[in-house]
Amino acid sequence: MNEKKDRSKLVFGAIIVVLCVFFVVGVVYGANSLLEMEGTLEPADKYVLDGYAAVPDSPQGVIELVNTAVSNAVEAKPKLESSDSISIGDELTIGEDGASAVNTVAKFLKDNAADEFAASFVDLSADFGVGFTDKLWIPQLNAADIESFEIKYIYYHCMQCGADSDEEYEKCSECGNENGPQMRYRDDYSITINLVQGAPALENNFRLREPAQVNEFIGDKFASFANVSAPINFEYKNARIFVRINRHTGQLLEIKYIKDVDVTTKAEFIGDYAYVGEADVYLPVNEEVGFRFTWPGVSLSAHELSMDYKTTEALKATLTCDDPLLYDVTWTSSDESIATVDADGYVNSNKADGKVIITASYEFQGKTYTDECEVFVKTSVESIDITKRDLVLAKGETFEQTVSYSPKDSTVQTAKWYTTDESVATVDENGVITAVGAGTADVYAVADDGYFKATCKVEVTE
Ligand SMILES: [Zn+2]
81 MNEKKDRSKL VFGAIIVVLC VFFVVGVVYG ANSLLEMEGT LEPADKYVLD GYAAVPDSPQ
141 GVIELVNTAV SNAVEAKPKL ESSDSISIGD ELTIGEDGAS AVNTVAKFLK DNAADEFAAS
201 FVDLSADFGV GFTDKLWIPQ LNAADIESFE IKYIYYHCMQ CGADSDEEYE KCSECGNENG
261 PQMRYRDDYS ITINLVQGAP ALENNFRLRE PAQVNEFIGD KFASFANVSA PINFEYKNAR
321 IFVRINRHTG QLLEIKYIKD VDVTTKAEFI GDYAYVGEAD VYLPVNEEVG FRFTWPGVSL
381 SAHELSMDYK TTEALKATLT CDDPLLYDVT WTSSDESIAT VDADGYVNSN KADGKVIITA
441 SYEFQGKTYT DECEVFVKTS VESIDITKRD LVLAKGETFE QTVSYSPKDS TVQTAKWYTT
501 DESVATVDEN GVITAVGAGT ADVYAVADDG YFKATCKVEV TE
């Protein structure tokens, strides 16, 4: 029985609960130092990268990761939703600056053109299990077409206010915490692939709008105030593909085709605007065609729980499929002597220490989907004490503290030791305090179960 590992998992599972409690009572109990300490803990198991899809470090590696995810999706037929968004940038110009009538035209174009154009996008959605032959635009990538790529999967979590940031920082911009963030791993790889200008993939992958369509569209839009007889020029640039893949399962979650188009032409203004004469027109256009994938599955409201003897906790199963209410969830326990689960997901613990796996499953379109929750049944720590609360030590002297737990039969009887000033006193993992230099410091223990804290004031004399 791998008790140590179980215990460490149990502890990580308790962190969030403990933090919530401390946000409420933090001021009363002076929990700030404890929160700071939390920021130095290692990431919980589930954030660690080992064992999941490796991070590609070459264009070929990126292509393989994307191609595998795409072909798996084509075969598994998750639900597909498509979208198209077009925007015209603020840099839009018509002729010289300052002609207010022309600015009105520019605003009209900016406000109406993009929406109207996007409305003509042909929907490429497909329901669960239907498949998307002829719908999904499949990336056709060659290493030579990739100018650069970026893969994001790390983020930084403030242990004080909970804010997440993609960038590492010294001081949290939300709450001012100066203890630095905790590095964590996202569940997804967010991959941006920048394509070489003029790459063949541009032709294959970016069938966003044909120049002829744009041509006709601009002609129509200008018809009431200008003639566009000059050629309309399109400069395609910054073509990129954004792909999001779940790094645990390899499931494809999103593909976006993004490009910028600089449209330039000349227009001969007519009617009320005739005084403008001929003017250069510049329309900066950005277009994104997106595909989102929804995979069938079941997700439990908790994946780790700790319970005392003879208590009840409710687990909720969320199904992803059409009409989730039509499906029955089957609940099972891996060891009913430790905990049982009923047909509604209520977990009841018995009177035995140990770990049990609660599984929820359901069937959808001929496949069984499952999710698990690890439940630890134990006697919880309610308070801790240490041998001495005050110590006066001469430089070089040592003293060994021992932690006592209440109740005496509590299951997890381990704690971690900290000092507020290592230049005064250090403490090792066994609670042995060493006097280092003259001054005072707090040396304290924090129980792994429940995070109860016991402090000893240490005074070191020369
Ligand atoms: Zn913060």
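Throughout the sequence shown, residue numbering follows the working numbering, covering 81 to 542 in sequence.
No residue lacks a Cβ here, since even glycine has one placed at the ideal position from N, Cα and C.
What do you reckon, are the CB atoms on Phe-373 and Leu-145 nearer than 8 Å? In the sequence shown, counting from the first residue as 1, residue 373 sits at position 293. In the sequence shown, counting from the first residue as 1, residue 145 sits at position 65. Cβ atoms of Phe-373 and Leu-145: not closer than 8 Å.
How many whole angstroms separate the CB atoms of Tyr-316 and Thr-173, which I take to be in contact at a CB cut-off of 8 Å?
Position 236 of the sequence shown, counting from 1, holds the residue named residue 316. Position 93 of the sequence shown, counting from 1, holds the residue named residue 173. Wrong, their Cβ atoms sit about 19 Å apart, outside the cutoff.
| task | Check Asn-510 in the structure and name its three-state DSSP category. | result | Against the sequence shown, residue 510 aligns to sequence position 430. Of the three classes helix, strand and coil, the one that applies to Asn-510 here is coil, per DSSP.
Check your understanding: For Tyr-407, which of helix, strand or coil comes out of DSSP?
Key -> Residue numbering aside, residue 407 sits at position 327 when the sequence shown is read from its first letter. Residue state, collapsed to three classes: coil.
Assigned secondary structure, Ile-143 (DSSP; H/G/I helix, E/B strand, else coil): Locating residue 143 in the sequence shown gives position 63, counting from the first residue. Of the three classes helix, strand and coil, the one that applies to Ile-143 here is helix, per DSSP.
* Kindly indicate which residue of Ile-438, Asp-203, Thr-541 and Tyr-389 has the alpha-carbon position closest to the one of Asp-415. => Mapped onto the sequence shown, residue 415 falls at position 335. Considering only alpha carbons, the answer is Ile-438.
- Query: What's the gap between the Cα of Glu-502 and the Cα of Glu-462?
  - Reply: For this step, residue 502 is matched to residue 422 along the sequence shown. For this step, residue 462 is matched to residue 382 along the sequence shown. Taking the straight line from one Cα to the other gives about 29 Å.
- Task: Take the Cβ of Asn-257 as the centre, count every other Cβ of all protein chains shown within 10 Å, and call the residue buried at 16 or more, exposed below.
- Result: The sequence position of residue 257 within the sequence shown is 177, counting from 1. Asn-257 comes out buried.
### Task
Report whether the distance from the Cβ of Glu-250 to the nearest heavy atom of ligand 1 is below 7 Å.
Locating residue 250 in the sequence shown gives position 170, where the first residue counts as 1. Answer for Glu-250: no, Cβ out of range of ligand 1.
Would you kindly report the start and end of the unbroken alpha helix (DSSP H) that includes Asp-195? The residue you call residue 195 lines up with position 115 of the sequence shown. Element bounds for Asp-195: 194-199.
Helix, strand or coil for Thr-391, going by three-state DSSP, please let me know.
To locate residue 391, count along the sequence shown from 1; it is residue 311. In this structure, Thr-391 counts as coil in the three-state DSSP scheme.
What number of angstroms, rounded off, separates the C-alpha of Gln-262 from the C-alpha of Tyr-236?
The residue labelled residue 262 in the question sits at position 182 within the sequence shown. The residue labelled residue 236 in the question sits at position 156 within the sequence shown. Their backbone Cα atoms lie some 6 Å apart in a straight line.
Ser-429: buried (16+ other C-beta within 10 angstroms of its C-beta) or exposed?
Position 349 of the sequence shown holds residue 429. Under this definition Ser-429 is a buried residue.
Cutting at 8 Å between CB atoms, please list the residues of its own chain near Asn-152, excluding the five before and the five after it.
Your numbering for residue 152 matches position 72 in the sequence shown. Around Asn-152: Gly-330, Gln-331 and Leu-332.
task: Using three-state DSSP, classify Leu-189 as helix, strand or coil.
output: Your numbering for residue 189 matches position 109 in the sequence shown. It is helical.
Subject >> First and last residue of the uninterrupted beta strand (DSSP E) at Cys-34 >> reply: With the chain covering only 81 through 542, there is no way to say anything about residue 34.
Practice prompt. Could you please give me the residues that DSSP links to Ser-165 through a beta bridge?
Written response: Within the sequence shown, the letter at position 85 stands for residue 165. Partner(s): Glu-368.
Practice task
Reducing DSSP to helix, strand and coil, say where Glu-258 ends up.
Solution key: The residue labelled residue 258 in the question sits at position 178 within the sequence shown. Note: Glu-258 maps to coil in three-state DSSP.
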